[in-house]
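Protein chains in written order, with the numbering used here: chain E, 1 to 400; chain H, 401 to 800.
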């Protein structure tokens, strides 16, 4: 296997407190302090929030996630390439990670058919027949030009039997090798994205300087998870992810797997727990050595009226807020909490105003990102256990 | 009739070019340069945009409009009073104008019944039976505490016969007197809004320092319009509005009425053309001596994918923008045009992403407000006729 001589990213752990690590992930689009939460920008937009807000002091998101599956179907990779790659297309010049689409096609259920070669499915956009494989996923992600690319994997259901999970793991392992090979070939060829001068000042060949992360599968079976990790690490990646969790299994199962896998993951590479989770989940996973997270909760729940606060979740719909002039979270310093009351947010939500979703999304992302900032500080100052205890306790004091 | 000794607002024309006037409307919430465009914030939010953006250099909206009808039904004036009035409820400390609800209940058509006393209608929110009269509209607007209050009027259809329009005018005139009387009583009583210290630092009795504008009606009949103006001016108001236009009549009819009425309106008070219009409408009305405007076009059309530009309207849906990396308007300096391409905006719109509406709303409001800034500059420098000619010519060069 020919790997690029040097990885386009580097990772360094700068402080450790128990298993919790504070690190720095260096990319050519800037430094990313870990543990880090990545807002989800599925279709090339973090729903309901402007990029200026993502960059603002309130949030200061250093990396966001976009989705290969969604962007491949619409607007299509050729369109994005013609516009100079995903960064230029979106107008975002900080770091981007693209998920491979493996999880999304798996989620289609009856609409997809998995074979050795890849996954055939019908587009949710226009019903057309599509085929996604490790090679296609790598080609699409090279076209998008994200800074971090994910291998194309197969996700086993949370309740998969040992045999089912083993078969899935084997397939994922073969797909990981094919992903690595295709990715390396594409990195050597570094297809020119045809970038023309817009807002970015980076070298043109985005697709020649990407990093690739492997994904550990194995459902709820700890022996298979260990094996998956070994085989993934053997192939060699710039970072390692735990996939197939938070897909309907019991929370205790998730923690068993993370407890088993995280400490064994290569310590000199970033560890990424995909699709997780609530603020308390993030902190619990950090305590087990995880460095990176993505989750739709702050944005999706924001749009349906749920706020995350230091005193637990708050539903703006509740009648008790009708005349409540307090902010969502009295200890939050975000621009929404500085300006707007629960009463006003409830009114916006009840009248179906867009601004409800916009403001709740902003607050929720501010809360998640600020929580991670505080996590990092506490690890660096050796106070993480105290922070963890107090944070979790605070959640149950409930603002409601 | 007892009027407050001094008006809480003052208006001064500082430059005139033909009939076009540049003026300054002074309110205790700051100076408003006229001609001015007021973004519409029907339910206490300008749809799809944060207040921080309305205050930003791109837009710098000095006054926005909210609606008595909508806010009275939901969340209700008692809730808003309990939250310290509309400014505090929304978190907006610049000027606010509230429409009286007359136009909105009139728009309900078959759902409302108009009598001498007022208008009975069914709430579009919960179907409950409601009654709005000059007295109720004044009470509600005192509770909301807007800086400028509108009289409760009756709007005649654009195609009303002379007899119908005369009957409507007579009713509007009687309602104007009742509005004035009730308003003055409320100003004298200055019901305490119960404001408690939040972000605003104004005296507590918001409802004791409001201004009241009268509304000229009369449908398409110029003699009735003149008569309505005379009778409205006789009662005496802090400003005068032309109502009942842009309600389905021919554009030529609208200009006939404005041509007739605007030059006769009291020159030392602001003249407000309600519900108008496109950028070219604003400029044409300014040329006829109008000072104030409100319209839902920039926000509503933004949400459905239509951009207003210096080269005319642009529909982001169009397939021709698929790979177009130009901004919506190449001569626009707003944050959306500085950052995002037509290709990206088209993608957002086609995928139903909230960000499409957010960004188009921002651009459209920036374009409207910047156009009014340029209108004011051109009047002050005596270049308004040239600006008007070039602006209107530019619109037909079409970006499409």
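We put the CB at the ideal spot given by N, CA and C, even for glycine.
Values in this document were obtained by computation on a predicted structure and should not be read as measured data.
Buried or exposed: where does residue 797 (chain H) fall if 16 or more other Cβ atoms within 10 Å of its Cβ makes it buried?
Exposed, by the Cβ-count rule.
Taking Cβ positions only, does residue 51 (chain E) come closer than 8 Å to chain H?
Chain H, which has a Cβ nearer than 8 Å to the Cβ of residue 51 (chain E), makes this yes.
Thinking C-beta only, is residue 287 (chain E) closer than 8 Å to residue 403 (chain E)?
Since the first residue of chain E shown is 1 and the last is 400, residue 403 (chain E) is not available in this structure.
Rounded C-beta distance between residue 49 (chain E) and residue 361 (chain E)? I'm assuming under 8 Å.
At roughly 5 Å, the Cβ-Cβ gap stays under 8 Å, so residue 49 (chain E) and residue 361 (chain E) are in contact.
Could you check if residue 116 (chain E) is buried or exposed, using at least 16 other CB atoms within 10 Å of its CB as the buried criterion?
Residue 116 (chain E) is exposed by the Cβ-count criterion.
Could you tell me which chain E residues have their CB closer than 8 Å to the CB of residue 448 (chain H), listed as they occur along the chain?
Near residue 448 (chain H) (Cβ distances below 8 Å), the residues of chain E are 354, 355 and 358.
Could you confirm whether any beta carbon from chain H is found closer than 8 Å to the beta carbon of residue 199 (chain E)?
Confidence in residue 199 (chain E) is poor, its pLDDT being 38 and thus under 50, which makes the residue's placement unreliable; the coordinate value appears in the next sentence. Taking Cβ atoms only, chain H reaches closer than 8 Å to residue 199 (chain E), which makes this a yes.
Are residue 619 (chain H) and residue 557 (chain H) touching if we call contact CB-CB under 8 Å?
Against a cut-off of 8 Å, the Cβ pair of residue 557 (chain H) and residue 619 (chain H) comes out as a contact.
Within 10 Å of its beta-carbon, does residue 347 (chain E) have 16 or more other beta-carbons around it, so buried, or fewer, so exposed?
Burial call: buried.
Here's the rule I'm using: 16 or more other beta-carbon atoms within 10 Å means buried, otherwise exposed. How should residue 128 (chain E) be labelled?
With fewer than 16 Cβ atoms within 10 Å of its Cβ, residue 128 (chain E) is classed as exposed.
Verify whether the separation of the beta carbon atoms of residue 664 (chain H) and residue 628 (chain H) is less than 8 Å.
Against a cut-off of 8 Å, the Cβ pair of residue 628 (chain H) and residue 664 (chain H) comes out as no contact.
When Cβ atoms are compared, which residues of the segment 720-731 of chain H fall closer than 7 Å to chain E?
Residues 722, 723 and 725.
How would you write the range of the alpha helix (DSSP H) that residue 581 (chain H) sits in, first residue to last?
Run containing residue 581 (chain H): 562-589, per the alpha helix (DSSP H) assignment.
Excluding sequence positions up to five away, which residues of its chain have a Cβ less than 7 Å from the Cβ of residue 331 (chain E)?
If we look at residue 331 (chain E) and ignore the five residues flanking it on each side, its Cβ neighbours are 310.
Looking at residue 551 (chain H): is its Cβ nearer than 8 Å to the Cβ of residue 612 (chain H)?
Their beta carbons are under 8 Å apart, which means residue 551 (chain H) touches residue 612 (chain H) by this criterion.
Mind the definition here: the segment 375-391 of chain E touches the segment 320-331 of chain E only if three or more C-beta pairs lie below 8 Å; say whether that holds.
The segment 375-391 of chain E, when compared against the segment 320-331 of chain E, does not touch it at the 8 Å Cβ threshold.
Across the segment 701-720 of chain H and the segment 454-472 of chain H, are there enough close Cβ pairs to call them in contact, namely three or more that are closer than 8 Å?
Flag = no, the segment 701-720 of chain H and the segment 454-472 of chain H do not touch.
Going by C-alpha distance, which of E:173, E:103 and E:20 is nearest residue 70 (chain E)?
The shortest C-alpha separation from residue 70 (chain E) is found at E:103.
Suppose the cutoff is 7 Å on Cβ atoms and the five residues either side in sequence are ignored; what does the same chain contact list for residue 334 (chain E) look like?
Result list for residue 334 (chain E): 58, 362, 363 and 366, in chain order.
Buried or exposed, going by whether 16 or more other CB atoms sit within 10 Å of the CB of residue 121 (chain E)?
Classification for residue 121 (chain E): buried.
Check this for me: beta carbons of residue 9 (chain E) and residue 26 (chain E), under 8 Å apart or not?
In contact: residue 9 (chain E) and residue 26 (chain E) (Cβ atoms closer than 8 Å).
Could you check if residue 562 (chain H) is buried or exposed, using at least 16 other CB atoms within 10 Å of its CB as the buried criterion?
Exposed, since its Cβ has fewer than 16 Cβ neighbours within 10 Å.
When you compare only the Cα positions, how much space is there between residue 697 (chain H) and residue 440 (chain H)?
Whole-angstrom Cα-Cα distance: 9 Å.
Sort H:630, H:674 and H:758 by Cα distance to residue 445 (chain H) and report the nearest one.
For the residues H:630, H:674 and H:758, the minimum Cα distance to residue 445 (chain H) belongs to H:758.
Less than 8 Å between C-beta atoms, sequence neighbours within five positions excluded: which residues of the same chain meet that for residue 299 (chain E)?
Excluding sequence neighbours, residue 299 (chain E) sits near 39, 40, 46, 47, 48, 49, 361, 364 and 365.
Using the C-alpha atoms, what's the distance from residue 172 (chain E) back to residue 341 (chain E)?
Roughly 48 Å separates the two Cα atoms.
For residue 455 (chain H), collect the residues of the same chain with a Cβ closer than 8 Å to its Cβ; drop the 5 residues on either side in sequence, then sort them by chain order.
Contacts found: 461 and 494.
For a test of the three-state rule: what should DSSP assign to residue 12 (chain E), helix, strand or coil?
Here residue 12 (chain E) sits in strand by DSSP.
I want to verify the contact list: residues of chain E whose CB lies under 7 Å from the CB of residue 740 (chain H), in sequence order.
Per Cβ cutoff of 7 Å: 91.
Count the other CB atoms, across all protein chains shown, that sit within 10 Å of the CB of residue 352 (chain E); report buried if there are 16 or more and exposed otherwise.
Classification for residue 352 (chain E): exposed.
From which residue to which residue does the alpha helix (DSSP H) around residue 141 (chain E) run?
Taken as a continuous stretch (DSSP letters only), the alpha helix (DSSP H) holding residue 141 (chain E) covers 134-144.
Taking residue 232 (chain E) and residue 144 (chain E) to be in contact with their CB atoms under 8 Å, please state how far apart those CB atoms are, rounded to whole angstroms.
At roughly 23 Å, the Cβ-Cβ gap does not stay under 8 Å, so residue 232 (chain E) and residue 144 (chain E) are not in contact.
Using a Cβ-Cβ distance under 8 Å, would residue 395 (chain E) count as near chain H?
Taking Cβ atoms only, chain H never reaches closer than 8 Å to residue 395 (chain E), which makes this a no.
Please report the distance separating the alpha-carbon of residue 243 (chain E) from that of residue 285 (chain E).
Taking the straight line from one Cα to the other gives about 14 Å.
May I have a chain-ordered list of the alpha helix (DSSP H) segments no shorter than 4 residues that lie completely inside the segment 453-486 of chain H?
List check, alpha helix (DSSP H) in window: 468-473 and 477-482.
For residue 612 (chain H) and chain E, any beta-carbon pair shorter than 8 Å?
So no, residue 612 (chain H) is outside the interface.
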